[in-house]
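Take 15 as the starting number for the sequence shown in our numbering and just add one per residue.
Here a beta-carbon is modelled for each residue, glycine too, at the ideal position from N, C-alpha and C.
For clarity, every value in this text was computed on a predicted model and none was experimentally measured.
To keep things clear, I will list the structure first and then write my remarks on it.
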Amino acid sequence: MSTVKEEKMPILEMKRDYYHLIINGERMESSSGETFTTYNPATGEPLATIQQGTLEDVEKAVQAARNAFDNGKWKRYPVGKRSRVLNKIAEIMRSRFKELVELEILNSGKSLSAAQGQVMQAIEDFEFYAGAIVGHRGHVNNVPGGFFNYTQKEPVGVCAQIIPWNYPMMMAAWKIAPAIASGCSVIIKPASLTPVTAIVMAEICHEAGVPDGVVNVVSGPGSVVGDALAQHPQVDKVAFTGSTPTGKDIMEKASKTLKRVTLELGGKSPNIIFEDADIDAAVDGSLFGIFYNTGQSCEARSRLYIHEDIYDKFMDKFVEKTKKLTLGNPFDKGTHLGSIISREQLEVIDGYVRSAVEEGAHVLVGGREAKVEGFENGYWYEPTIITNVTPEMKAVKEEIFGPVVVVMSFSNEKEVIKEANNSIYGLGSAIWTKDQGRATRVANEIDAGIVMVNCPFSAFPGTPFGGYKQSGFGRELCIETLDLYTETKSVISYYGSRPINPFGV
Ligand code: NAD
């Protein structure tokens with residue numbers, strides 16, 4: 015492995031042709047010399063060359079993170095000092111907001127407004143944890159006289175953090191911010207389709223004063239780099255966001271050394287419109303719920319349940335507005351939907367639509383690859399509404415991860431709760447009603463980590479994000495996340511006036 019420049023982490027242009035691994039505070043080339051290309055999915059054109067990590071690079075990164083954790087100063091800093099560094103990371107990101115947004119759009123094809131919102135949230139995540147860590151502390155507990163017991167929170171250690179392609183920068187922030195706030199060292203493995211903003215974020219961490227070895231990035235195939243990190247005996251925790259099958263595989267591997275594991279996995283979130291809902295608000299919220307980020311969201315409200323009394327009225331407006339959504343240059347302010355991440359993902363989406371049609375469903379809107387002027391070689395799919403579906407259909411049961419919603423009607427609350435819960439997943443859900451009693455009742459009965467009531471959003475810094483059932487476990491984006499990056503140590507002392515002799519010998 016060779017060091018690229020003598021100066022350890024010189025500040026480079028964020029947008030460039032070439033991105034390195036980041037290990038022990040240095041930009042590194044891969045030990046094999048191999049690279050891979052990452053693309054702009056809106057145009058299909060190559061965006062940059064990325065160093066491809068190997069098992070040897072994983073080993074170097076784990077040793078760097080281990081050394082930084084065991085022998086370094088980061089976890090020993092007063093918490094206020096760590097907090098200041100996190101705020102500095104946010105400050106640098108704010109000052110380079112436009113560049114970060116541009117880079118995120120170029121690598122993911124997402125729309126300007128989506129990228130702006132997500133980069134801003136990534137910044138706010140660092141600010142949130144800069145504050146939250148200061149208040150994260152142990153307790154003094156009630157114990158018999160003469161004894162004294164306190165608990166303290168200590169960082170879990172070296173964390174492997176494996177992230178997906180749908181929110182590249184935000185997912186990197188969700189992982190890095192709480193981990194380093196807690197005093198851990200991390201090795202990030204970004205998705206190969208979208209590695210650049212996680213690499214840049216690690217560079218910013220160094221610029222802000224994070225010591226060498228605390229934030230490392232090893233890009234490369236999940237089957238090599240991700241797999242090795244999930245098994246490595248010197249990794250203490252694996253935090254994974256991605257698909258449910260990969261999450262199961264990682265959990266199995268991590269169990270061999272009893273690593274701490276948190277999993278943020280797939281979803282098939284129900285969106286329930288009751289007969290007393292504000293229909294216009296529900297239509298707008300449902301459009302956003304499924305088509306935001308071109309449907310490539312784990313909490314996409316992809317199963318739409320509409321009360322039969324308002325079905326026609328709701329659907330007329332929903333269809334009309336869906337037809338008004340624009341696909342186009344992701345950098346244009348008016349663009350609602352960006353591209354699909356890859357040709358493979360586009361084919362997966364189309365396969366689900368075709369399977370629904372074969373099983374007897376009706377494509378009411380969309381249902382095809384879209385052609386976007388000026389972006390003919392990119393990957394685009396029409397916003398799609400499918401009706402005439404049954405609960406057994408593949409497109410109703412499985413996560414499609416694209417701009418496709420399946421629509422069903424219902425006649426009563428009990429029935430719709432049963433259908434909403436008829437899923438292996440339990441990540442997001444939404445309810446639209448003016449009846450607060452009903453909202454509370456249904457929220458209590460839904461098996462999901464998140465319930466949105468008359469609300470199209472679910473994730474602000476501070477709101478717990480995570481799933482029930484096969485959507486995984488652990489919560490991110492909130493104060494409780496800090497518990498998942500720390501161990502609780504109980505210290506008990508005796509100050510009694512008489513010596514204790516429990517054996518009485
Ligand atoms: P994926 O599971 O294919 O990949 C996720 C990451 O895991 C990538 O970095 C990949 O390289 C790596 N990986 C792949 N195989 C691996 C292996 N065997 N061992 C270790 N690492 C491996 O998922 P994706 O296609 O990148 O992302 C889409 C999925 O992510 C969807 O299912 C979506 O619902 C889920 N997701 C969940 C949340 C959440 O918070 N619950 C958020 C975003 C995305």
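Check                                                                                                                                                                                      : Outcome
Does Ala-252 pass the burial test, meaning 16 or more other C-beta atoms within 10 Å, or should it be called exposed?                                                                      : A small fix is needed here, since residue 252 is Val in this sequence, not Ala. So Val-252 ends up on the buried side.
Going by alpha carbons, who is nearest to Glu-59 out of Asp-250, Lys-95, Arg-98, Glu-390?                                                                                                  : Glu-390
Could you tell me how far apart the beta carbons of Asn-101 and Glu-141 are, in whole angstroms, since I believe they sit closer than 8 Å?                                                 : 6 Å
With a threshold of 16 other CB atoms inside 10 Å of the CB of Lys-267, please say whether the residue is buried or exposed.                                                               : buried
Is Phe-254 closer than 7 Å to Ile-176 when the C-beta atoms are compared?                                                                                                                  : yes
Taking the alpha-carbon of His-150 as reference, which of Gly-159, Asp-139, Val-157, Thr-165 has the nearest alpha-carbon?                                                                 : Thr-165
So is the beta-carbon of Thr-477 under 6 Å away from any non-hydrogen atom of the ligand NAD?                                                                                              : no
Rounded to a whole number of angstroms, what is the C-alpha to C-alpha distance between Ser-16 and Leu-318?                                                                                : Summary for Ser-16: the model assigns pLDDT 47, below 50, so the residue's position carries little reliability; its value from the coordinates is reported in the next sentence. Straight-line Cα distance between these residues: approximately 53 Å.
Expressed to the nearest angstrom, what Euclidean distance is found between the alpha-carbon atoms of Gly-480 and Gly-463?                                                                 : 6 Å
Return the residue from the list Lys-262, His-350, Lys-327, Met-407 that minimises the CA-CA distance to Lys-338.                                                                          : His-350
Could you give the distance in angstroms between the alpha-carbon of Ser-283 and the alpha-carbon of Asp-294?                                                                              : 21 Å
Ignore the nearest five residues each way along the sequence and tell me which others in Gly-518's own chain have a CB closer than 6 Å to its CB.                                          : none
Can you tell me which residues form a DSSP beta bridge with Phe-471?                                                                                                                       : BP columns for Phe-471 are empty, so no partner.
Could you tell me if the beta carbon of Pro-169 falls within a distance shorter than 6 Å of some heavy atom in the ligand NAD?                                                             : no
Grouping DSSP H, G and I as helix and E and B as strand, with all else coil, what is Asn-307?                                                                                              : helix
With DSSP as the reference, please indicate the residues paired to Ser-199 in a beta bridge.                                                                                               : Val-172
Does DSSP classify Trp-179 as helix, strand or coil?                                                                                                                                       : coil
In chain order, what are the residue ranges of uninterrupted alpha helix (DSSP H) at least 4 long that sit wholly in the region 92 to 155?                                                 : 93 to 109, 111 to 122, 126 to 146
In the DSSP output, which residue or residues are listed as bridge partners for His-350?                                                                                                   : Partner(s): none; His-350 has no beta bridge.
Please return the same chain residues whose Cβ sits closer than 7 Å to the Cβ of Glu-168, not counting the five positions on each side in sequence.                                        : Thr-500, Glu-501, Lys-503
Whole angstroms is fine: what's the gap from Glu-40's alpha carbon to Gly-261's?                                                                                                           : 30 Å
Pairs of beta-carbons, one from the region 104 to 121 and one from the region 207 to 217, closer than 8 Å: are there three or more?                                                        : yes
Considering only residues of the region 384 to 421, which uninterrupted alpha helix (DSSP H) runs meet the minimum length of 4 residues and lie entirely inside it, listed in chain order? : 408 to 411
What residue does the beta strand (DSSP E) around His-321 start on, and which one ends it?                                                                                                 : 317 to 321
Can you find the residues in the same chain that come closer than 8 Å, C-beta to C-beta, to Lys-385, ignoring five residues on each side of it along the sequence?                         : Trp-394
Ile-286: beta carbon under 6 Å from a heavy atom of the ligand NAD?                                                                                                                        : no
Ordered along the chain, which non-local residues of its own chain (more than five positions away) have a Cβ less than 7 Å from that of Val-76?                                            : Val-172, Ile-201, His-246, Gln-248, Val-249
Does the distance from the CB of Asp-330 to the CB of Lys-448 come in under 7 Å?                                                                                                           : no
Here's a check: name, in chain order, each residue in its chain whose Cβ is nearer than 6 Å to the Cβ of Leu-378, leaving out the five neighbours to either side.                          : Ile-399, Thr-401
Could you check where the beta strand (DSSP E) with Pro-60 kicks off and where it finishes?                                                                                                : 59 to 65
Any chance the CB of Glu-266 is under 6 Å from a heavy atom of the ligand NAD?                                                                                                             : no
Taking C-beta to C-beta, are Pro-178 and Gly-256 nearer than 7 Å?                                                                                                                          : yes
Is Ser-511 helix, strand or coil when you go by DSSP?                                                                                                                                      : coil
Can you give me the Cβ contacts of Ile-103 inside the same chain, cut-off strictly under 7 Å, excluding the 5 residues immediately before and after it?                                    : Phe-140, Ile-218, Cys-219, Ala-222
So, using beta-carbon positions, are Val-228 and Ser-199 closer together than 7 Å?                                                                                                         : yes
Less than 7 Å between the beta carbons of Gly-440 and Ser-485, yes or no?                                                                                                                  : yes
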